[in-house]
Structure formats: structure tokens, C-alpha cells
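Q:
Protein chains: 4
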Amino acid sequence: MAHSKYEYVKAFEREDKLLPNTWIVVRVDGKGFHKFTKEHQFTKPNDITALQLMNHAAAAVMKEIDDLTLAYGQSDEYSFLFKRNTDYYSRREVKLASVIGSLFTAHYVLAWSRFFPDKPLTKPPAFDARAVPYPSIENVRDYFAWRQADCHINNLYNTSFWALVLKGGLTENVAMKRLSKTVAKDKNELLFSEFGINYNDEPEMFKKGSTLVKELKPFTKESRVPIKYADPKYPVVRDDGPDHVIQEITRQETVVTELHCSIIDEAFWNEYPQAVQ
Amino acid sequence: MAHSKYEYVKAFEREDKLLPNTWIVVRVDGKGFHKFTKEHQFTKPNDITALQLMNHAAAAVMKEIDDLTLAYGQSDEYSFLFKRNTDYYSRREVKLASVIGSLFTAHYVLAWSRFFPDKPLTKPPAFDARAVPYPSIENVRDYFAWRQADCHINNLYNTSFWALVLKGGLTENVAMKRLSKTVAKDKNELLFSEFGINYNDEPEMFKKGSTLVKELKPFTKESRVPIKYADPKYPVVRDDGPDHVIQEITRQETVVTELHCSIIDEAFWNEYPQAVQ
Amino acid sequence: MAHSKYEYVKAFEREDKLLPNTWIVVRVDGKGFHKFTKEHQFTKPNDITALQLMNHAAAAVMKEIDDLTLAYGQSDEYSFLFKRNTDYYSRREVKLASVIGSLFTAHYVLAWSRFFPDKPLTKPPAFDARAVPYPSIENVRDYFAWRQADCHINNLYNTSFWALVLKGGLTENVAMKRLSKTVAKDKNELLFSEFGINYNDEPEMFKKGSTLVKELKPFTKESRVPIKYADPKYPVVRDDGPDHVIQEITRQETVVTELHCSIIDEAFWNEYPQAVQ
Amino acid sequence: MAHSKYEYVKAFEREDKLLPNTWIVVRVDGKGFHKFTKEHQFTKPNDITALQLMNHAAAAVMKEIDDLTLAYGQSDEYSFLFKRNTDYYSRREVKLASVIGSLFTAHYVLAWSRFFPDKPLTKPPAFDARAVPYPSIENVRDYFAWRQADCHINNLYNTSFWALVLKGGLTENVAMKRLSKTVAKDKNELLFSEFGINYNDEPEMFKKGSTLVKELKPFTKESRVPIKYADPKYPVVRDDGPDHVIQEITRQETVVTELHCSIIDEAFWNEYPQAVQ
Ligand SMILES: Nc1nc2c(ncn2[C@H]2C[C@H](O)[C@@H](COP(=O)(O)OP(=O)(O)OP(=O)(O)O)O2)c(=O)[nH]1
Ligand SMILES: Nc1nc2c(ncn2[C@H]2C[C@H](O)[C@@H](COP(=O)(O)OP(=O)(O)OP(=O)(O)O)O2)c(=O)[nH]1
Ligand SMILES: Nc1nc2c(ncn2[C@H]2C[C@H](O)[C@@H](COP(=O)(O)OP(=O)(O)OP(=O)(O)O)O2)c(=O)[nH]1
Ligand SMILES: Nc1nc2c(ncn2[C@H]2C[C@H](O)[C@@H](COP(=O)(O)OP(=O)(O)OP(=O)(O)O)O2)c(=O)[nH]1
Ligand SMILES: O=P(O)(O)OP(=O)(O)OP(=O)(O)O
Ligand SMILES: O=P(O)(O)OP(=O)(O)OP(=O)(O)O
Ligand SMILES: O=P(O)(O)OP(=O)(O)OP(=O)(O)O
Ligand SMILES: O=P(O)(O)OP(=O)(O)OP(=O)(O)O
Ligand SMILES: [Mg+2]
Ligand SMILES: [Mg+2]
Ligand SMILES: [Mg+2]
Ligand SMILES: [Mg+2]
Ligand SMILES: [Mg+2]
Ligand SMILES: [Mg+2]
Ligand SMILES: [Mg+2]
Ligand SMILES: [Mg+2]
Ligand SMILES: [Mg+2]
Ligand SMILES: [Mg+2]
Ligand SMILES: [Mg+2]
Ligand SMILES: [Mg+2]
Chain S
1 MAHSKYEYVK AFEREDKLLP NTWIVVRVDG KGFHKFTKEH QFTKPNDITA
51 LQLMNHAAAA VMKEIDDLTL AYGQSDEYSF LFKRNTDYYS RREVKLASVI
101 GSLFTAHYVL AWSRFFPDKP LTKPPAFDAR AVPYPSIENV RDYFAWRQAD
151 CHINNLYNTS FWALVLKGGL TENVAMKRLS KTVAKDKNEL LFSEFGINYN
201 DEPEMFKKGS TLVKELKPFT KESRVPIKYA DPKYPVVRDD GPDHVIQEIT
251 RQETVVTELH CSIIDEAFWN EYPQAVQ
Chain V
278 MAHSKYEYVK AFEREDKLLP NTWIVVRVDG KGFHKFTKEH QFTKPNDITA
328 LQLMNHAAAA VMKEIDDLTL AYGQSDEYSF LFKRNTDYYS RREVKLASVI
378 GSLFTAHYVL AWSRFFPDKP LTKPPAFDAR AVPYPSIENV RDYFAWRQAD
428 CHINNLYNTS FWALVLKGGL TENVAMKRLS KTVAKDKNEL LFSEFGINYN
478 DEPEMFKKGS TLVKELKPFT KESRVPIKYA DPKYPVVRDD GPDHVIQEIT
528 RQETVVTELH CSIIDEAFWN EYPQAVQ
Chain W
555 MAHSKYEYVK AFEREDKLLP NTWIVVRVDG KGFHKFTKEH QFTKPNDITA
605 LQLMNHAAAA VMKEIDDLTL AYGQSDEYSF LFKRNTDYYS RREVKLASVI
655 GSLFTAHYVL AWSRFFPDKP LTKPPAFDAR AVPYPSIENV RDYFAWRQAD
705 CHINNLYNTS FWALVLKGGL TENVAMKRLS KTVAKDKNEL LFSEFGINYN
755 DEPEMFKKGS TLVKELKPFT KESRVPIKYA DPKYPVVRDD GPDHVIQEIT
805 RQETVVTELH CSIIDEAFWN EYPQAVQ
Chain U
832 MAHSKYEYVK AFEREDKLLP NTWIVVRVDG KGFHKFTKEH QFTKPNDITA
882 LQLMNHAAAA VMKEIDDLTL AYGQSDEYSF LFKRNTDYYS RREVKLASVI
932 GSLFTAHYVL AWSRFFPDKP LTKPPAFDAR AVPYPSIENV RDYFAWRQAD
982 CHINNLYNTS FWALVLKGGL TENVAMKRLS KTVAKDKNEL LFSEFGINYN
1032 DEPEMFKKGS TLVKELKPFT KESRVPIKYA DPKYPVVRDD GPDHVIQEIT
1082 RQETVVTELH CSIIDEAFWN EYPQAVQ
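Protein chains in written order, with this note's numbering: chain S, 1 to 277; chain V, 278 to 554; chain W, 555 to 831; chain U, 832 to 1108.
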């Protein structure tokens, strides 16, 4: 409706459609969560409730946007995968990133008090967001493998680090030095020999992160079905009969399922082919 | 820390630094607020509380980001101006848009219950965001003039429209036809002759939108100043004296001021030269 | 070597790497060739010599740049296909477009007098260029099909148009009207019934354009091979014998082959699988 | 005209308009001129004829494109400045770069034999090109200062280097070491004390590069002016008189002027204000 002589400034906006026929991944990541997690006293190295809140916000985003087929989260980040031919917001890069980032934030903040009833949100969190196109399924799988490998590497490190500090009584500096140059095997052994921790027994959500897929599930509900007496099935028209019957009908509904499995292994992609469309 | 063979996928990210030596404007705008405002029964055409909540969220963003010098909001949108030489997030377009969009959203959602204590947030709002560079001060001023002209045109229309519907009892369709092809003067007259409304007397916040500027304000606070008895001023060292005195000291602090004036007129820019740096 | 305080201006350049793992097509197209072909009196609608000059320039580009695997030309344009994983100029969009455009131009101008010995180049031609990434083989094939379909549609039209004008004596305006709303079948019939032209018998280069592929061809050359008398094969060291023998050796060399076939049909892609790598 | 089901592939092209209200600089630079200048035995370190050929090609580009107001060249490169509000090719980045690069190349190749009548062009040259927007006049001036400072630094170095090699008989390696860590003053002294060369007396074109500006020059030509006998000035209609007179008329024409002055100093910009529009 609104037109004015100033409108020319809109032309300074850049067109930013992402390449067609590519899979778009949007990743959100907590802004300065080093500080945010401290201020809100998250459990170290993994705060189950905080991770569940992340999963909740991500699931809400998944439900709201039809074209999302897969999401993966760990630490303060979540990645969302669009199907290849999505035309959501005409594939505009900044729209996709900003809208998903904002929606995720809104659900995170709104649900905070439900997940942390005793912990007020003293300073609201923010998430940066980006949208990146990937041209092949292999690239898409490697993207998610990248994030899960990152989860694994960080979690093994953090589990060892905080064991040394919280259980072993080392200062953070000494713990850091102790771990420098160790490889995965060393850390596994350290955890077992010094703290009796079998890393394999750690919660899958910590080791593997969280994966959200969409599934069609049948559901049954009672429904009023009108009776049409002129039907061959009801040959006699009756004035005084009921005008409907109650029947159980079965429909499909899309549900978001949370998993904590390997998404590097082939098996996941075979089991959930709908995750990459 | 984390390195894996999958890391190559990061190279699919695009570098997106905005042109140096330009003023960057980030605008956020409510996603589908047509529906959101209905669901949450905002007053028509202007919900004062909702606008105040927008202003609150925007002021919080202004306070958090030093390099923002000006903000302007109306309806479901807010624009933020960075100073010309900002290096915030290295001027990365999607970072700027997504972080400001997310921060704004977080403050909006978090403060909702304070502004609307009796209205639960049934569905969280989202805001899209964009970042646009402007190369000259004239372009910057025209940008803000564009948004304020938009506010004026829409508000005059909406005020007339809802007067016809809510007070005049017209259907929305008839009201729309009634207003089609009218110019500003016609609407002013209609409001006055039919509803006794002098458009000039409408609240400035509705007609002009809200402008946020930063100002340095002196503030005075009491402060404990330690006494150093070895000072020439206190030549005698005394064991039993106080170790500090309470003094009033004056500092400068940055405050965000909310205005409802014309930002099209020269006067505003003369009065607040710090608004465009 | 050169550093000065002015060097900061280089930062205003935009990074423009094309998405990894995509096939890049560079297309050059004559700038204002409507005028250029008139000024240099090209035969209408197809100037064989001019098309051969285009093919010559394109073949030279193909030979110079290893990563090019396919080229297709028609009218005043030529398209070049890079292999998927090329890192030529780090996949920088403007570098790729400008260098190929410039190289093509240089060969076109340099070879002009050889192709048109009696026609001086009164005004040098220019070609615009662009570089476009395609994420799938199907997109790549459709790209080339697009250009060949364009060749077909235009050539059928132009052949009919110039037959009407040059042989039928119609004015250009009347010829245009005559052809408006005709479909391919109509034009074929018109050519045959009015001018005895069987469109199928037109030269393949006009109907299909020109396709350049690379092939490895064995070639044989005489080569001096030194004799090592200490070899087991030559057990007796002789002072007075020859120090080499002349032998025929066979090597592979890359040659550029020009074709005038359908590149829409499957057959081409089966015969030249190396055309899309 | 041409439409086919394959046309969708055009949508993979990216919109690339450069920011409005900025000054666009297009720079072309010889591709691999290290090798090209060797193969064609350019005089070291400066080949006057080659530089004149560059100037010729650049002047032709300037004449052809109205919106270019300034050009500067040195070594194997040339920069062209568009006026701020140009809409040439809708400010499309790749079009601007590729067309100017191609046009420059065409003129360079076409004029080669005129500048080097005894030196055949054995391998055609190519030029890369780029288009960069600058938002302020200061940035524009600094851009050109950057290129001229580069010319100065390189030319002083190259003059010293080739004096040591060609006149001093040093190997290239020794000459390089000799110059390493020297500053401008050292090189000036070396040239003077060892070779009697006063660097100040070197040709301005070598030291300062070449600058092209546009100027309006009046020119006078004889023109047939028809006589209208019905004019008040010629009251008597005569059948047998001449129907025209020959008159000298004066018009303005745009000429491209070549300069070899400082474009870092204020003076140039004051004398040629039309160079930055
Ligand atoms: N205690 C605790 N900290 C966590 C948890 N999840 C994430 N964090 C912290 C660890 C890291 O300091 C931080 C995530 O690292 P990032 O690389 O994202 O850095 P950060 O968010 O500080 O900065 P950024 O704005 O993303 O560049 O969040 C958790 O469950 N418990
Ligand atoms: N009742 C009421 N509605 C408002 C108020 N402020 C904004 N709105 C509504 C009016 C418009 O329907 C909507 C803003 O228009 P937009 O052009 O931003 O469209 P919308 O947000 O629906 O879609 P979008 O996602 O921005 O494309 O918000 C208010 O104070 N009261
Ligand atoms: N007579 C003649 N004309 C040709 C031949 N090949 C191409 N042309 C002409 C026909 C068209 O007018 C022109 C190519 O059309 P374009 O769509 O490329 O337009 P043009 O180059 O004029 O403008 P542009 O700068 O590409 O937008 O070249 C030929 O073999 N003979
Ligand atoms: N002998 C001689 N050489 C020149 C003259 N002008 C330029 N050159 C040579 C010197 C440098 O090797 C080369 C220009 O350096 P560039 O940095 O542009 O490198 P080059 O063109 O080799 O590679 P590029 O494709 O631009 O990255 O051209 C000249 O007048 N005489
Ligand atoms: O959303 P509109 O229609 O008010 O206009 P816009 O925000 O400039 O358009 P878009 O959101 O599509 O960039
Ligand atoms: O933020 P980091 O360091 O974890 O790595 P990144 O998110 O890939 O980097 P950036 O946020 O700067 O794009
Ligand atoms: O080519 P160089 O090294 O002189 O420097 P440049 O031209 O700025 O670099 P590039 O051609 O890679 O953009
Ligand atoms: O130039 P046209 O009209 O043949 O079509 P195009 O080349 O796809 O358009 P443009 O040159 O403007 O990108
Ligand atoms: Mg990050
Ligand atoms: Mg983070
Ligand atoms: Mg993180
Ligand atoms: Mg919008
Ligand atoms: Mg909105
Ligand atoms: Mg809006
Ligand atoms: Mg074109
Ligand atoms: Mg053309
Ligand atoms: Mg063409
Ligand atoms: Mg270069
Ligand atoms: Mg060069
Ligand atoms: Mg150079």
C-alpha cells in the first residue's frame, strides 16, 4: 500500500536466493554460550535439562516448517535440513537463517521456565544462524557426520576434563595440560583407570547428540459421520432416525521422533530414507 | 579443537561481509503478524502495549550492542542502524541479521508476560531479519524516512478503516471500498466529519512510530573512597581512624531515549547528530 | 612487494567462490552482435565462416584450459563446461567468466583475418561472459539441451524468415507477421511448399550448433633413443658404434573434436562420457 | 523467442547488481604476463610501445562507454571508473567486468600489429577483470592512489634491478639480494652513484603510469546550412538562388586526454573535477 519517494532505498537490498536443486542446511548456535551457560549454572560438561530444552525448541521448529526433514543438535547448536526442492521463502538465504533462528529462540525462551522452573532466565539467550547449500547427498551426510564427529570429540574431551577437575581435584589449567596431546584411546583409559568411568556407558545423548526425524504415524479418533438415507445402504428414508453415526477413523499424522544414534553409520540413513529428500 | 575428515563441508559456506565504509541497517519484521496479532487479540489498529513491548525489546538490543546508534520501529518492525565503521561480527551479513533478530525475539518473548500479564503467549512469535548497507548519509536518512512515511500512510489508512468498521458499523469489505482511491486529505476529512476524530490529535507514537537514540547522561552515585593516610593531605597516620570516606562521584552513562517525532524533518538530525556516525 | 597505506581498498573486493562440488558453465555471448553482424555483412541467417571462427576460438580455449571437458556454440554464443572438482582460479566466479571471455575474444580477433581475408575487422567485437554452477548431471544436460533447443527454434525461424525476405521478396515486417503464431510444423511446410527447402537437409551445424569434446588420440613419432652399451642387451662395449637408434614411439595426446549432433539425445552422453566429469 | 522445458536452468544464475550509489571500478590485468612479456620480448623493465598499446586499448574503451570518467594504467593493468549513478548493464558485476575485459582485449589484439609491426602476436593475451564498488570519493581517490603507489614502488625496484643486471652485470639472484631490505632512498642513491641515473629524470609514464580523462573540446567544421527564403531575413523568394550556404559551426566533442602526472596529489582532482562524478 505504502508508496513514497523514499522507496528507492529498497533497491539496496541484495537478492540472495540459494542455488536451486541443492539441500539447504540451517544451523543455529548459541551466542556466547560460554558465558550464558555459566551465568545460568549449567551442569558440566552436559546439562541434561538444557539439552532437552534445545531438543524441545528444535522439535517445535521441525513441526512448524513442513519442508524440514531432519535436525541434529549437540552442545549449543542445532542443524536443520530442508528438502532439496524446497521453495520456503523462495530459498532466500537471510530469510531462512533469520526466521529459523528467531523461531528457535522464541521456543527456547518461552519453554525455559517449564524446563527450569527454579532457575529464572536472567539474561535472554541469542542464537546466530546461517544457511548453507549442499549439492549432493554425500555432502549432506558428511555435513551431519561433521557435526556428530565434533560432538564426539568435544564430549570425550569435556568428560575427561571435568572428571579431572571435579572428581580429580585438578585445577583447570593442570587438567588442560594433562589432556594436551592425548588421543581418544588415552582419554578412554584415563577415564576408566582413574575414575572408573566406562565412556561407552555414558548417556547416548551426550555421546551422539540428538537427531530429529519425521515419521508418519497412524492415529485413530472417533468422528461423527453423517448418514445419508438416500444411500443404497440405507434404502428406507426415515424421518425419525439419527442423522449421524460415531465411527473410529484412522488417519496419518506427522510426528517428530528424537533419536540418539550414530548418523555417521549407513544404518541410520537406510532406516530413515525420508530424512534426505 | 574438533577436526575430522568431514570438515571440508565448512568450505561450502559463503563469505558475506558487507561493503566496508557503509552504514548497515538491520530490520526485523514480525513473521505473519497478521495472524499473530489476531490470535493474541491486539487492539485495532494500534495496540499500545504491543508497541511498548516492541520498544522494550528494541531498547534492550540497542543497549547490548555498542555500535548501534539509532533505531526506529512501527507496526511489527524495527530497524537498527550501525555506525559506518562497525566491525561487529566482521560485518558478516547473515550473522548481523540473525543475531539481532534472535536477540530481539528473546527479549520480546521474555518480557511478554510483564507487558501482557493476563494474556498468555499461546504461540511464540518469530521475526525475519535482513541487513542492508547504505553508502551515504542521504541514503540512510531516506531509509528512515521511508519507514516513517510507511508508518504514516498505513496508520492514516488503518485509523480510517477501523473507524468505519468499529464505529461506523461497516463491513470490512465496504470500508475497504469506501477508502479506495481516497487521498490523505479525504481520509482526514472523513475521520473528522463522520467520527469527530482530529487525526492530528492521535497519539504521536501511532502517527510517527518510535525512535530510539543513545545519549550520554551524567549520573551521580555514592562511592567508597579509601583513605590513604600516608597522603600529604593526611599527614598523621592514625590507627583508629576510618579506612574510607563516602563520596558522591559523577560518571557518564549511555541511556536509550525513546522519541515520537518526525525523523523526516531536518530538526531531528540536527538535534541528535550522534544518531548517524 | 608493493605496500602502501592505500592498500586497505583491496578489502572492498567481494569473495566470490562458486559452490564446491558443482559443475561450472561459462557462457560467452557477442555484445550487440545484431549490429556487429550487420556492419561486417555476415551472411543471413547463418554465416558459415563466422561460425567456423567461433568454433576456432572456442577450440583454442578448450585446449588452453585443462579442466574444460565440453563446449557448445551456436549463433554468437559459446558455453564451456568445467569438470565438477575444478579448482581453476579457486572457482572465483568473476575470474572464470572474465578470463574465458577475454581468451575467447583474443583468439576471435587474432584469427579474424585468417577466416575473413577480404573483410577487415572495422570495429572489434566484445563478448560478455558469465559463470553458473549446476549441482547435478541432469541440470548440466538440461543446460546444454536448453542452448541446443534455442539453436533449433531460432534457426528454424530465421531460415523461414530470410527465405520469405530474400527469396520471397517480402518486407521484413510482412515476413514477421506471416510467421507470427506459426509452430514448427507450419514453418517446415512453408519452407518446403513455397521454397522447395527441406529443412532436414539444412547443414547440421546450422540446425544443431557445434559441440566440442576432448579425446585422447594415440600419435606416433620418431624419437632418438640412446643406446646404453653396458646394457645386458648390448654386452660388448664398442667404441665405434652409434650412440642412439631411431625408434617409433606412441603417445596419447588430447585433441578437440567438433561435432554437429544432438546433445539432447542420450546417445551423445553415452558416446562421450568424459564430457561430464 | 526461444522457449523450451529446459529453460528452468536459467534460474541458476545469480543476481549480481552492485550496490547503488557507489562508484564502480573495473580493473583488467594481464593473465600470466610474466610469461607473455618474455615470449614477446618486451623491453625491460618498461616497454614503451607495449605501454602505449595498453593506453590505446584503454582509450578505446573510454570512448565506447559514456559512463566511464577516468582510467589509470601501469604495467599490465588498467582501471576504469564509472560515474556513481551509472546504470550500465544495470550495474551487474560480472557483465561489467567481462564486457570491459573483452573490449579491452579486442582492441589490444586488433591494434597489436600497428604498434608492433615487426613482432607477430604468437600467442594471444588474455586479461582478467573485476568490478568493485566504492562508497565514498575518498575511497575512490585512495583506490587510484593505491595503484599509483604500486606503480612507483615497482618501477623504482625494477629500474634498480635491471640496472644491476643489464648494466652492472649481476645475476638476477645477486641483484635481488642486493636490493632486499633497501628502502626508496637507498635505491635512488644506488641508481645515481653506480649508474649515473637520476631516477627523477626517468620518463613520467614509467614513474607515474598513465591517466586518461575525458574533456569537452570545441571543434569547428564546415556545414551546409539550408536557406529558407521565406525567412524574414530573406524576404524575396528567388527561384534561381542557391538552396544553402556553407557556414562554419562549432560543436563540443569529448576527447580522451592522456596524462602522466600524480593522481595522489590534490592538484589532479582539482584540475579534473569531471573525473569523479
Ligand atoms: N556447562 C555446560 N556448558 C555447555 C553445555 N553445552 C554447551 N556449553 C557451552 C560450552 C561452550 O563454552 C559453549 C559452546 O561453544 P561455542 O563454540 O558455541 O562458543 P560460544 O557459544 O561461547 O561463542 P559463539 O558465540 O558461539 O562464538 O557452550 C552444557 O550442557 N553444559
Ligand atoms: N491489531 C493490530 N495489528 C497489528 C498491530 N501492529 C501490526 N499489526 C498487524 C497488521 C498487519 O497485518 C501485520 C504487519 O504486516 P506485515 O506486512 O508485516 O505482514 P505479516 O507480518 O502478516 O507477514 P510477513 O511475515 O511480515 O510477510 O501486523 C497492532 O498494533 N494491532
Ligand atoms: N547475419 C547473421 N547474424 C548472426 C549470425 N549469428 C548471430 N547473428 C546475429 C543475430 C542476432 O541479431 C545476434 C545474436 O543475438 P543476441 O540475442 O545475442 O543479441 P545481441 O548480440 O545483438 O545483443 P546482446 O549484447 O547479446 O544482448 O547476432 C550469423 O551467422 N549471421
Ligand atoms: N619486460 C616487461 N615486462 C612487463 C612490462 N609490464 C609488465 N610486465 C610484466 C612484469 C610482471 O611479470 C607482469 C605483471 O605482473 P602480474 O602481477 O600482473 O603477474 P602476471 O601477469 O604474470 O600473473 P597474473 O595472471 O596477473 O596473476 O608483467 C613491461 O613493460 N616490460
Ligand atoms: O514484507 P513486505 O511485503 O512488507 O515487504 P518487504 O519486507 O520489503 O518484502 P520481503 O519481506 O519479501 O523482503
Ligand atoms: O563459531 P565456531 O568457532 O564454533 O565456528 P563456526 O561457527 O564455524 O565459525 P563462525 O561462527 O565464525 O562462522
Ligand atoms: O594478482 P596480484 O597478486 O597482483 O593481486 P590481485 O590481482 O589483487 O589478486 P587476485 O588477482 O588474486 O585477485
Ligand atoms: O541476452 P539474452 O536476451 O539472449 O538473454 P540472456 O543472455 O539470458 O540475458 P542477459 O544477457 O541479460 O543475462
Ligand atoms: Mg560460530
Ligand atoms: Mg555458541
Ligand atoms: Mg557451539
Ligand atoms: Mg517482509
Ligand atoms: Mg510482518
Ligand atoms: Mg511489517
Ligand atoms: Mg545476453
Ligand atoms: Mg549477443
Ligand atoms: Mg546470443
Ligand atoms: Mg591478479
Ligand atoms: Mg598480470
Ligand atoms: Mg599486474
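Beta carbons: idealized from backbone N, C-alpha and C, even for Gly.
This structure is a prediction, so every number in the text was calculated from the model and none was measured.
When you compare the stretch 748 to 764 of chain W with the stretch 692 to 706 of chain W, are there three or more beta-carbon pairs, one atom per stretch, that lie closer than 8 Å?
A: yes
Q: Taking only beta carbons into account, state which residues of the stretch 637 to 657 of chain W come closer than 7 Å to chain U, listed in chain order.
A: E647, V648, K649, A651, S652, V653, G655, S656 and L657
Q: Contact check, V971 (chain U) vs E567 (chain W) under 8 Å by CB: the rounded distance?
A: Not really, about 15 Å apart at Cβ, beyond 8 Å.
Q: Is it the case that the CB of M181 (chain S) approaches a heavy atom of ligand 19 more closely than 7 Å?
A: Note on residue identity: the sequence assigns Lys, not Met, to residue 181 (chain S). Answer for K181 (chain S): no, Cβ out of range of ligand 19.
Q: Looking only at C-alpha atoms, which of W:E812, W:I803, W:T811 and W:P780 sits nearest to D797 (chain W)?
A: Nearest option by C-alpha distance: W:P780.
Q: Go to T69 (chain S), then tell me how far its beta strand (DSSP E) extends in each direction, as first and last residue.
A: Boundaries of the beta strand (DSSP E) around T69 (chain S): L68 to Q74.
Q: Going by C-alpha distance, which of W:T811, W:N727 and W:N824 is nearest A625 (chain W)?
A: W:T811
Q: Skipping 5 residues on each side, what residues in its chain have a beta carbon closer than 6 Å to that of L675 (chain W)?
A: W666
Q: DSSP three-state call for V460 (chain V): helix, strand or coil?
A: For V460 (chain V), the three-state secondary structure derived from DSSP is coil.
Q: CB-CB under 6 Å to T640 (chain W), same chain, minus the five flanking residues each way: which ones, in chain order?
A: For T640 (chain W), where only same-chain residues beyond five positions count, the Cβ hits under 6 Å are D621.
Q: For chain U, find out if any of its Cβ atoms is closer than 8 Å to the Cβ of Y632 (chain W); answer yes or no.
A: no
Q: If you draw a straight line from the alpha carbon of R91 (chain S) to that of L18 (chain S), how long is it in whole angstroms?
A: 6 Å
Q: Are the CB atoms of W993 (chain U) and R915 (chain U) within a distance shorter than 8 Å?
A: No. Outside cutoff.
Q: For ligand 20, I want to know if S558 (chain W) counts as a neighbour, meaning its beta carbon is within less than 7 Å of at least one of the ligand's heavy atoms.
A: no
Q: Tell me the DSSP bridge mates of T250 (chain S)?
A: Bridge partners of T250 (chain S): S:T220.
Q: In chain order, what residues of the same chain lie with their CB nearer than 6 Å to the CB of V859 (chain U), ignoring the 5 residues before and after it?
A: Y909, G932, F935, F958 and A960
Q: In chain order, what residues of the same chain lie with their CB nearer than 7 Å to the CB of V1076 (chain U), ignoring the 5 residues before and after it?
A: Cβ neighbours of V1076 (chain U) beyond the five flanking positions: V1056 and I1058.
Q: Mind checking whether the beta-carbon of K585 (chain W) lies closer than 7 Å to any heavy atom of ligand 16?
A: Checking every heavy atom of ligand 16 against the Cβ of K585 (chain W), one is found closer than 7 Å.
Q: Could you check the C-alpha separation between N727 (chain W) and I817 (chain W) for me, to the nearest Å?
A: For N727 (chain W) and I817 (chain W), the distance between alpha carbons rounds to 34 Å.
Q: Between which residues of its own chain and F873 (chain U) is the CB-CB distance below 6 Å, once the five residues before and five after are set aside?
A: A881
Q: On the three-pair Cβ rule with 8 Å, is the stretch 213 to 220 of chain S touching the stretch 152 to 170 of chain S?
A: no
Q: In chain order, what residues of the same chain have a beta carbon less than 6 Å from the beta carbon of I526 (chain V), not counting five sequence neighbours either side?
A: S500
Q: Mind listing the chain V neighbours of F268 (chain S)? Cutoff is C-beta to C-beta under 7 Å, in chain order.
A: By Cβ distance, chain V contributes nothing, its closest Cβ being about 15 Å from F268 (chain S), past 7 Å.
Q: Please confirm whether any heavy atom of ligand 17 lies closer than 7 Å to the CB of S929 (chain U).
A: no
Q: Under the assumption that F670 (chain W) contacts Q606 (chain W) (Cβ atoms under 8 Å), give the Cβ distance between them as a whole number of angstroms.
A: Rounded, the Cβ-Cβ distance is 10 Å, inconsistent with contact.
Q: Compare the C-beta of V1087 (chain U) with all C-beta atoms of chain C and state if any pair is closer than 8 Å.
A: You won't find chain C in this structure, because its protein chains are S, V, W and U.
Q: Please decide whether Y134 (chain S) counts as near chain V, where near means a Cβ-Cβ distance under 8 Å.
A: For Y134 (chain S), the nearest CB of chain V lies under 8 Å from its own CB, placing it at the interface with that chain.
Q: Unbroken alpha helix (DSSP H) runs of length 4 or more, entirely within the stretch 79 to 114 of chain S: which are they?
A: none
Q: Could you tell me if F192 (chain S) is buried or exposed, where buried requires 16 or more neighbouring beta carbons within 10 angstroms of its beta carbon?
A: With fewer than 16 other Cβ atoms within 10 Å, it is exposed.
Q: Could you give the distance in angstroms between the alpha-carbon of L1001 (chain U) and the alpha-carbon of P1034 (chain U)?
A: Counting only the Cα atoms, P1034 (chain U) lies some 24 Å from L1001 (chain U).
Q: Would L315 (chain S) pass as an interface residue toward chain W - the criterion being a Cβ-Cβ separation below 8 Å?
A: Because chain S spans 1 through 277 in this model, residue 315 (chain S) falls outside it and cannot be assessed.
Q: Tell me the rounded alpha-carbon separation between G196 (chain S) and C261 (chain S).
A: Each residue's Cα considered, the two are about 24 Å apart.
Q: Can you tell me which of the three DSSP states R978 (chain U) falls into?
A: DSSP places R978 (chain U) in helix when its eight states are reduced to three.
Q: At least one CB of chain U closer than 8 Å to the CB of T299 (chain V): is that the case?
A: yes
Q: Just verifying my parser: in three-state terms, what is the DSSP assignment at Y1103 (chain U)?
A: Three-state result, Y1103 (chain U): coil.
Q: So is L710 (chain W) in contact with chain S if we call contact Cβ pairs under 8 Å?
A: no
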